[in-house]
Amino acid sequence: MNSKKEAVVVNNIMKRYGKTEALKGVSFSVKPGELFGLIGPDGAGKSTLFRILTTLLLADSGTATVGGWDVKSGFKEIRHRVGYMPGRFSLYQDLTVEENLAFFATVFHTTVKENYELVKDIYRQIEPFRKRRAGALSGGMKQKLALCCALIHKPDILFLDEPTTGVDPVSRKELWEMLQRLKEQGITIVASTPIMDEARRCDRIAFINDGIIHGIDTPERILQQFASVLCPPALTREESNRKSDDVIEVNGLTKTFGTFTAVNHISFQVHKGEIFGFLGANGAGKTTAMRMLCGLSKPTSGTGKVAGFDISTEPEEVKKNIGYMSQKFSLYEDLKVWENIRLFAGIYGMKDKEIATKTNELLERLGFMSERNTLVKSLPLGWKQKLAFSVSIFHEPRIVFLDEPTGGVDPATRRQFWELIYQAADRGITVFVTTHYMDEAEYCNRVSIMVDGCIEALDTPDRLKERFGAKGMDDVFQQLARKALRKAD
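So, in structure tokens, the structure goes:
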């Protein structure tokens with residue numbers, strides 16, 4: 023066992039996957055009680071490093087200690103002394119909220135009662151739903167439950183790998199307030215995040231890229247030093263008049279599940295070539311509404327037309343005239359890049375000759391020509407997202423629906439993704455997008471914000487900010503979303 027002057031010590035850690043060097047001699051240390059951030063673009067090596075430090079993966083060379091224990095020889099001690107939230111929630115989807123918490127307590131030979139004081143501030147927010155299966159929770163509630171499960175054995179060090187991906191701004195803010203309280207209790211926290219406002223809440227941050235730590239300092243200094251990657255300039259786009267030619271028309275659209283009203287009499291129109299932001303906290307009803315508009319779910323009442331077709335009586339025609347990209351992607355991981363393009367183009371009814379020509383044009387435009395024969399599962403997250411979006415509009419649909427398309431992606435990659443969105447809109451494709459990033463809301467022509475199944479506001483970003491006396495869309499969102507009464511889908 024080593025000295026405990028530092029909570030985490032990493033010395034020249036290297037890790038390779040085949041020909042890919044994931045970590046190239048990484049070294050840093052974390053002080054006891056520090057909130058330490060790890061930031062960097064997709065594929066930088068963050069998750070690999072987390073897995074090594076939590077003893078789930080062996081490094082090829084180098085050394086690391088956690089809580090004074092070596093990650094190889096002291097892995098049993100480390101596992102009892104750390105909490106870990108991986109990038110994808112570690113919950114058991116078929117267990118209830120209380121069953122998940124009790125299970126994790128049992129694994130660490132403790133009880134919920136013994137350490138309840140540590141998690142009570144978080145758990146009280148989800149306790150009304152303690153009998154609900156974890157798989158039925160909204161993203162924000164899953165995140166809070168996962169944090170409770172990681173804390174229930176009273177760890178000394180908490181590792182969080184992008185814990186707020188897919189979570190709305192209100193829940194994100196709440197989580198980081200919780201982390202600050204945990205820090206005040208003496209818990210050391212190491213967290214990765216693609217969100218720069220979260221990075222600013224850390225005591226220090228390390229910028230990692232291509233498996234190398236390029237700098238460790240205060241958030242402001244690192245964000246300034248590596249601004250081109252971490253804080254790229256905002257996109258600009260000339261406005262045009264889009265007051266005619268509605269491609270989406272919704273009137274009194276409602277969806278109920280038993281006694282629960284998920285979507286409550288919403289009405290709006292979307293114009294041709296418009297980028298329409300569809301915002302709301304987790305559980306507000308966005309995904310349910312989008313499923314109806316895509317012809318995947320039949321409304322309980324109300325009417326809707328998409329691309330001129332009735333969503334209740336002509337759902338198959340709707341599907342033929344739209345593109346769709348979900349937050350979990352629609353690509354086939356075990357197919358090559360070109361095979362995915364060919365498959366979806368065929369599904370959309372395109373001719374072989376047209377597919378061949380457009381495939382080469384698309385790969386050239388994306389800079390993917392050298393990755394033509396690469397399996398999709400080998401691509402970085404940001405590349406997958408750009409490919410998934412490009413595939414969703416390959417057949418030039420009238421409308422494309424994007425459900426949180428940039429979740430978990432670094433700022434520079436998100437900016438590149440929005441450049442693709444602008445290009446699509448300039449070709450006359452209407453973009454209907456949900457997002458939890460409020461800087462992306464600024465890129466939309468108009469934005470609607472749902473609260474408890476209803477549309478509470480709909481206007482341009484500038485007019486919404488003026489109406490609510492807000493400096494940015496994040497403030498607008500916070501003001502509206504905090505009025506919500508229901509907390510789950």
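Using our numbering, you'd call the opening residue of the sequence shown number 23 and step up by one each time.
Think of the CB as a built atom: it goes at the ideal place given N, C-alpha and C, for glycine as much as any other residue.
Computed from a predicted structure; not experimentally measured.
Check, Outcome
"Nearest to residue 121 by alpha carbon, out of 180, 198 and 145?", "145"
"Counting pairs of Cβ atoms below 8 Å between the segment 426 to 446 and the segment 402 to 413, do you hit three or more?", "yes"
"Whole-angstrom Cβ separation of residue 86 and residue 192, contact assumed at under 8 Å?", "Wrong, their Cβ atoms sit about 36 Å apart, outside the cutoff."
"Is the beta carbon of residue 58 closer than 8 Å to that of residue 209?", "no"
"Just to confirm before moving on: does the CB-CB distance between residue 74 and residue 98 stay below 8 Å?", "no"
"Could you check the C-alpha separation between residue 386 and residue 392 for me, to the nearest Å?", "9 Å"
"Just the C-alpha distance for residue 23 and residue 149, rounded to the nearest angstrom, thanks.", "Confidence at residue 23 is low in this model, with a pLDDT of 40, below 50, so the placement of that residue is unreliable and no value is reported for it."
"So, for residue 326: in the same chain, excluding its five sequence neighbours on each side, which residues have a beta-carbon less than 8 Å away from its beta-carbon?", "270, 271, 272, 273, 275, 314, 315, 332, 333 and 334"
"Any chance the CB of residue 144 is under 7 Å from a heavy atom of the ligand NAD?", "In the structure shown, the ligand NAD is absent, as is every other ligand, since no ligand is present at all."
"Nearest to residue 164 by alpha carbon, out of 197, 427, 416 and 298?", "197"
"Taking the alpha-carbon positions, what's the residue 372 to residue 419 distance?", "12 Å"
"Tell me where the beta strand (DSSP E) around residue 454 begins and ends.", "452 to 456"
"State the DSSP-derived secondary structure class of residue 56, mapped to helix, strand or coil.", "coil"
"Buried or exposed: residue 157, going by 16 or more other Cβ atoms within 10 Å of its Cβ?", "exposed"
"So, under 8 Å CB-CB, residue 414 and residue 459 are touching, yes? Tell me the CB distance rounded to an integer number of Å.", "With 8 Å as the limit, residue 414 and residue 459 do not qualify as a contact, their Cβ atoms being about 19 Å apart."
"Does residue 504 pass the burial test, meaning 16 or more other C-beta atoms within 10 Å, or should it be called exposed?", "exposed"
"By the three-class DSSP mapping on this structure, what secondary structure does residue 472 have?", "strand"
"Starting from the C-beta of residue 403, find all residues in its chain whose C-beta is less than 7 Å away, skip the five residues before and the five after it, and write them out in chain order.", "64, 430 and 431"
"Just list the alpha helix (DSSP H) runs in the segment 158 to 242, keeping only unbroken ones of 4 residues or longer that don't cross its boundaries, in chain order.", "161 to 173, 191 to 206 and 218 to 221"
"Run through DSSP, which three-state label would residue 486 get?", "helix"
"Is it right to say residue 29 is buried, meaning 16 or more other beta carbons lie within 10 angstroms of its own, or is it exposed?", "buried"
"Should residue 469 and residue 483 be called a contact, given that it needs their Cβ atoms to be closer than 8 Å?", "yes"
"Quick one, which of 283, 168, 239 and 140 has its alpha-carbon nearest residue 203's?", "140"
"So does the segment 165 to 178 actually touch the segment 126 to 134, counting three or more Cβ pairs closer than 8 Å?", "yes"
"Indicate whether residue 453 and residue 422 have their beta-carbon atoms separated by less than 8 Å.", "yes"
"Tell me whether residue 442 sits in a helix, a strand or coil according to DSSP, three-state version.", "helix"
"Do you know whose CA, among 42, 47 and 268, lies nearest residue 35's CA?", "47"
"Does the beta carbon of residue 86 sit closer than 8 Å to a beta carbon anywhere in chain B?", "Absent here is chain B; the protein component of the structure consists of one chain."
"For the beta strand (DSSP E) that residue 155 lies in, which residues bound it at each end?", "No beta strand (DSSP E) contains residue 155, which DSSP labels as neither H nor E."
"Is it the case that the Cβ atoms of residue 244 and residue 50 are separated by a distance below 8 Å?", "no"
"Classify residue 45: buried if its beta carbon has 16 or more other beta carbons within 10 angstroms, exposed otherwise.", "buried"
"Do the CB positions of residue 18 and residue 96 come within less than 8 Å of each other?", "Residue numbering for the chain in the displayed model covers 23 to 511; residue 18 lies beyond these limits and cannot be assessed."
"Distance check for residue 443 and residue 280, CA to CA, integer angstroms please.", "37 Å"
"Leaving out five residues before and five after residue 311 in sequence, what residues of the same chain have Cβ atoms less than 6 Å from its Cβ?", "285"
"Any idea what DSSP makes of residue 103, helix, strand or coil?", "helix"
"Relative to the C-alpha of residue 250, which residue among 218, 277 and 240 is closest?", "218"
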